[in-house]
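Inspection log for the structure reproduced underneath, given as structure tokens.
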Amino acid sequence: MQTVITTKGLCKAYGRQFAVDHLDLAVPEGCVYGFIGPNGAGKSTTMKMLLGLIHPSAGQVTLLGQPMNAQNRLALLQKTGSLIESPAGYGHLTGQENLEIVADLKGVPRKDIARVLDIVHLTGDKYRKVREYSLGMRQRLGIAQALLGSPQLLILDEPTNGLDPAGIQEMRALIAGMPDACGATVLISSHLLSELEQIVGQVGILNKGRLLFQGPLRDLQRHSLGDIELRVLRPQKAAETLRQSGIRAEAGADGLFTLPPLRTELLAELVHTLADRGAGVVGISRRTKTLEEIFLSLTGPEGADGEEAARHA
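So the sequence shown is residues 4 to 316, counted in our numbering.
Right, dumping it as structure tokens:
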């Protein structure tokens with residue numbers, strides 16, 4: 004699979020402080036890539052370096068198979084749409100008029116405006132003044148501006164920021180459909196993993212400028228095995244069996260035990276042993292960590308210890 008964005012050893016330092024620290028990104032073609040990290044992790048700085056808005060202290064950026072440099076920057080930006088920070092727009096002009104200005108600046112035929120308005124669901128509001136738009140509508144107008152000219156790559160920095168729940172859901176649906184609707188690969192940042200887990204196929208987790216995890220979402224979800232709840236008819240026999248098996252368990256009321264995460268094979272063997280010893284297994288369920296909990300485990304105090312394992316998950 005081809006990569007649309009590649010960085011090698013990308014760094015941005017301010018004095019002795021690294022905002023981005025030897026970052027190696029690989030964004031596959033045709034996907035929605037979630038770039039996740041807490042505020043101050045270096046996401047916006049990275050995106051600005053990808054677009055050539057700020058110069059790296061070290062390392063390389065390759066977009067669409069070409070190095071991002073002074074010679075290639077203009078040609079690459081013509082194939083790239085972006086929404087960094089708040090969307091620009093003239094409040095006293097209509098949505099249509101704002102898009103006409105951007106189309107003229109990009110050298111894109113104005114007939115393309117109808118297409119992007121349809122994609123972002125603003126066709127019915129194109130003659131309204133932008134000052135009358137809600138924040139969600141302004142965000143969608145910003146994406147429409149980015150889509151003019153049919154870019155191969157979209158870079159969106161926290162596009163759901165400040166939106167209400169309905170606006171966030173609408174934005175999610177819009178971005179999830181981008182690869183199919185317009186053939187673009189999407190790099191989208193957020194400080195909330197839970198916001199993106201329904202729409203991304205690839206994930207990169209950034210913390211303090213360093214990449215803690217990168218790969219398919221399904222690989223990240225392998226970290227999601229949580230505690231196991233076991234309910235039995237005869238708790239004393241179950242407790243004895245668990246102790247002999249070397250499994251630490253927390254006993255609750257009515258024959259309920261909470262067990263630590265166990266591999267499927269070990270869990271099956273344990274259930275068989277409990278049944279043989281007359282514990283009377285009534286039910287068993289595995290709790291799955293949310294992606295937000297996985298994120299916190301990777302970026303928390305123990306995250307550094309798990310960094311190497313996360314990279315090879």
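Heads up, the beta-carbon is just placed ideally off N, CA and C, and yes, glycines get one too.
Small disclaimer: the values here were computed from a predicted structure and weren't measured.
query, result
"Mind checking who Gln-247 pairs with in its DSSP beta bridge?", "Answer is none; Gln-247 lacks a bridge partner."
"Taking three-plus beta-carbon pairs below 8 Å as touching, is the stretch 123 to 130 in contact with the stretch 93 to 101?", "yes"
"Is the distance from the Cβ of Ile-8 to the Cβ of Val-30 below 8 Å?", "yes"
"Nearest CA to the CA of Pro-264: which residue from Arg-213, Asp-230, Ala-91, Thr-276?", "Asp-230"
"Taking the alpha helix (DSSP H) that Ala-117 belongs to, which residues open and close that run?", "115 to 122"
"Note down, in chain order, each residue of its chain lying with its Cβ closer than 8 Å to the Cβ of Phe-260, except the 5 sequence neighbours on either side.", "Glu-232, Leu-233, Arg-234, Val-235, Pro-238, Ala-241, Ala-242, Leu-245, Ala-252, Glu-253, Ala-254"
"Which residue marks the beginning of the alpha helix (DSSP H) containing Arg-143, and which one marks its end?", "138 to 150"
"So, is Thr-83 buried or exposed, given that buried needs 16 or more other C-beta atoms within 10 angstroms?", "buried"
"Give every residue of the same chain whose Cβ lies closer than 7 Å to the Cβ of Ala-149, excluding the five residues on either side of it in the sequence, and list them in chain order.", "Gly-84, Ser-85, Leu-86, Leu-157"
"For Met-50, which residues in the same chain have their Cβ closer than 7 Å to its Cβ, ignoring the five residues on either side in sequence?", "Ile-87, Ile-158, Asp-160, Ser-192"
"In whole angstroms, give me the CA-to-CA distance for Gln-69 and Ser-288.", "50 Å"
"Rounded to the nearest angstrom, what separates Val-64 and Leu-209 at their Cα positions?", "17 Å"
"In this structure, does DSSP put Ile-208 in helix, strand or coil?", "strand"
"Give the DSSP-derived three-state secondary structure of Glu-198 in the structure shown.", "helix"
"Could you tell me the boundaries of the beta strand (DSSP E) in which Arg-266 lies?", "That residue, Arg-266, is in no beta strand (DSSP E); it is neither H nor E in DSSP."
"Have a look at Gln-205, Gly-283, Ile-116 and flag the residue whose alpha-carbon is nearest the alpha-carbon of Glu-32.", "Gln-205"
"Taking C-beta to C-beta, are Ile-202 and Ile-178 nearer than 8 Å?", "yes"
"Need the endpoints of the beta strand (DSSP E) that Ser-85 sits in, please.", "83 to 86"
"Please state the DSSP three-state secondary structure of Lys-11.", "strand"
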